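As given, the protein sequences belong to chains A and B, one line each in that order. With the working numbering as the guide, the letters of the first sequence map in order to residues 1 to 111. With the working numbering as the guide, the letters of the second sequence map in order to residues 1 to 114. Backbone N, C-alpha and C fix where the C-beta goes; we use that ideal spot for every residue, glycine too. Bear in mind the structure is a predicted one, so any value in this text is a computation, not a measurement. Beneath this line is the structure, given in structure tokens, with notes to follow.
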Amino acid sequence: EDQVTQSPEALRLQEGESSSLNCSYTVSGLRGLFWYRQDPGKGPEFLFTLYSAGEEKEKERLKATLTKKESFLHITAPKPEDSATYLCAVQANSSASKIIFGSGTRLSIRP
Amino acid sequence: DAGITQSPRYKITETGRQVTLMCHQTWSHSYMFWYRQDLGHGLRLIYYSAAADITDKGEVPDGYVVSRSKTENFPLTLESATRSQTSVYFCASRAPGGGQETQYFGPGTRLLVL
Numbered sequence: 001e002d003q004v005t006q007s008p009e010a011l012r013l014q015e016g017e018s019s020s021l022n023c024s025y026t027v028s029g030l031r032g033l034f035w036y037r038q039d040p041g042k043g044p045e046f047l048f049t050l051y052s053a054g055e056e057k058e059k060e061r062l063k064a065t066l067t068k069k070e071s072f073l074h075i076t077a078p079k080p081e082d083s084a085t086y087l088c089a090v091q092a093n094s095s096a097s098k099i100i101f102g103s104g105t106r107l108s109i110r111p
Numbered sequence: 001d002a003g004i005t006q007s008p009r010y011k012i013t014e015t016g017r018q019v020t021l022m023c024h025q026t027w028s029h030s031y032m033f034w035y036r037q038d039l040g041h042g043l044r045l046i047y048y049s050a051a052a053d054i055t056d057k058g059e060v061p062d063g064y065v066v067s068r069s070k071t072e073n074f075p076l077t078l079e080s081a082t083r084s085q086t087s088v089y090f091c092a093s094r095a096p097g098g099g100q101e102t103q104y105f106g107p108g109t110r111l112l113v114l
């Protein structure tokens, strides 16, 4: 069964304190792994797609990496505006439309 | 305004009542999706549609009905609401042949079933 597990559930950092969020997955043939940002009261907003182990994507203070079993979202020198819930999701090769989401990591950055 | 909208944004109903959540998109995306989001479960797919008049079940379809008579609209109906259907519901749309970077989510409908 395809599954996505994110850790930690919540993370509180001081502004400027770098850290990483983890997404562990099991899927029968990975078509793509996705990261989203979700602000309170809003829908998820797409950040990255990763397709194969070793791939990396960057956007401002965020960098996503992928191995055969997990993905990391590294946040470097975060600012308070980076506070949000970060969601990881996977799509299997066998599925044209369905993606499986993890339960997310709530990130809070203190000024 | 271009984009994807949901209505109502908030809804309180009683057990056993029928409720319809509306979703409208202005991009003419062929794919549309309904998800529910609950604490500890993340987003779970309820139903999706690849085009008008084509719908398919997702991960948790029981107790829900969808229709897609027009490309731009994808209503979700709870035929007889139950307390377990209290959740936040998100609609999404995606361009045909597009990856997840082309999938956009609506703002959500927060539903409380008493």
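Paired residues, beta bridge with residue i - DSSP
| i | result |
| --- | --- |
| Arg93(B) | A small correction: the amino acid at residue 93(B) is Ser; Arg does not occupy that position in the sequence shown. In the DSSP output, where bridge partners are listed per residue, Ser93(B) has Met32(B), Tyr104(B). |
| Gly42(B) | Asp38(B) |
| Val90(A) | Leu33(A), Ile100(A) |
| Gln51(B) | Rather than Gln, the amino acid found at residue 51(B) in this sequence is Ala. Its beta-bridge partners are Ile54(B). |
| Ser87(B) | Leu111(B) |
| Phe46(A) | Tyr36(A) |
| Tyr25(A) | Val4(A) |
| Phe72(A) | Asn22(A), Thr65(A) |
| Tyr64(B) | Leu78(B) |
| Pro108(A) | Just to set this straight, residue 108(A) is Ser in the shown sequence, not Pro. Answer is Arg12(A), bridged to Ser108(A). |
| Ala77(A) | Bridge partners of Ala77(A): none, in fact. |
Straight-line gap, residue i to residue j (C-alpha atoms, nearest Å)
| i | j | result |
| --- | --- | --- |
| Glu59(B) | Leu76(B) | 15 Å |
| Arg110(B) | Asn93(A) | 32 Å |
| Arg12(A) | Leu30(A) | 31 Å |
| Tyr36(A) | Ala64(A) | 11 Å |
| Thr13(B) | Arg83(B) | 10 Å |
| Pro111(A) | Val65(B) | 46 Å |
| Tyr10(B) | Gly54(A) | 43 Å |
| Gln37(B) | Arg44(B) | 6 Å |
| Gly99(B) | Ser103(A) | 21 Å |
| Ser95(A) | Tyr31(B) | 14 Å |
| Gln38(A) | Ser80(B) | 30 Å |
| Lys59(A) | Glu15(A) | 18 Å |
| Pro107(B) | Ser19(A) | 29 Å |
| Phe72(A) | Leu66(A) | 7 Å |
| Ser87(B) | Glu81(A) | 26 Å |
| Pro78(A) | Ser69(B) | 45 Å |
| Cys88(A) | Leu21(B) | 26 Å |
| Trp27(B) | Ile4(B) | 8 Å |
| His74(A) | Arg61(A) | 8 Å |
| Ser83(A) | Ile109(A) | 6 Å |
| Pro44(A) | Phe101(A) | 11 Å |
| Ala10(A) | His29(B) | 34 Å |
Close-in-space but distant-in-sequence residues of the same chain around residue i (CB under 6 Å, 5 per side omitted)
| i | result |
| --- | --- |
| Gln91(A) | Arg31, Gly32, Ile99 |
| Phe113(A) | The structure shown does not extend to residue 113(A), since chain A is modelled only from 1 to 111, so the question has no answer here. |
| Leu112(B) | Ile12, Thr86 |
Same chain, Cβ closer than 8 Å to residue i, five either side skipped, listed in chain order
| i | result |
| --- | --- |
| Asp144(B) | Because chain B spans 1 through 114 in this model, residue 144(B) falls outside it and cannot be assessed. |
Any non-hydrogen atom of the ligand ATP closer than 7 Å to residue i Cβ
| i | result |
| --- | --- |
| Gly63(B) | With respect to small molecules bound, the structure shown includes none, and the ligand ATP cannot be examined in it. |
Nearest-angstrom beta carbon gap, residue j and residue i [assumed within contact, 8 Å]
| i | j | result |
| --- | --- | --- |
| Thr85(A) | Arg106(A) | 5 Å |
| Ala92(B) | Phe33(B) | 4 Å |
| Gln6(A) | Thr26(A) | At roughly 13 Å, the Cβ-Cβ gap does not stay under 8 Å, so Gln6(A) and Thr26(A) are not in contact. |
| Leu78(B) | Gln18(B) | 7 Å |
| Ser28(A) | Lys69(A) | Actually they do not touch by this definition, with Cβ atoms about 14 Å apart. |
| Glu72(B) | His24(B) | 6 Å |
| Phe46(A) | Gln6(B) | Phe46(A) to Gln6(B), Cβ: 18 Å. No contact. |
Cβ-based neighbour list, residue i, same chain, cut-off 7 Å, excluding 5 preceding and 5 following
| i | result |
| --- | --- |
| Tyr51(A) | Gly32 |
| Tyr8(B) | A small correction: the amino acid at residue 8(B) is Pro; Tyr does not occupy that position in the sequence shown. The answer, listed in chain order, is Thr109. |
| Pro117(B) | For residue 117(B) there is no data in the structure shown, the boundaries of chain B being 1 and 114. |
Contact set between the region 6 to 32 of chain B and chain A, restricted to residues whose Cβ is under 8 Å from the partner: When CB distances to chain A are screened at a threshold of 8 Å, the residues of the region 6 to 32 of chain B falling below it are Tyr31, in chain order.
Chain-ordered residues of the region 77 to 90 of chain A with a beta carbon less than 8 Å from chain B: Leu87, Ala89
Chain A contacts from the region 83 to 103 of chain B (Cβ-Cβ distance under 7 Å): Phe90, Gly99, Gln100, Glu101, Gln103
Cβ-based contacts, 7 Å cut-off: residues of the region 27 to 52 of chain A near chain B: Gly32, Phe34, Lys42, Gly43, Pro44, Phe46, Thr49
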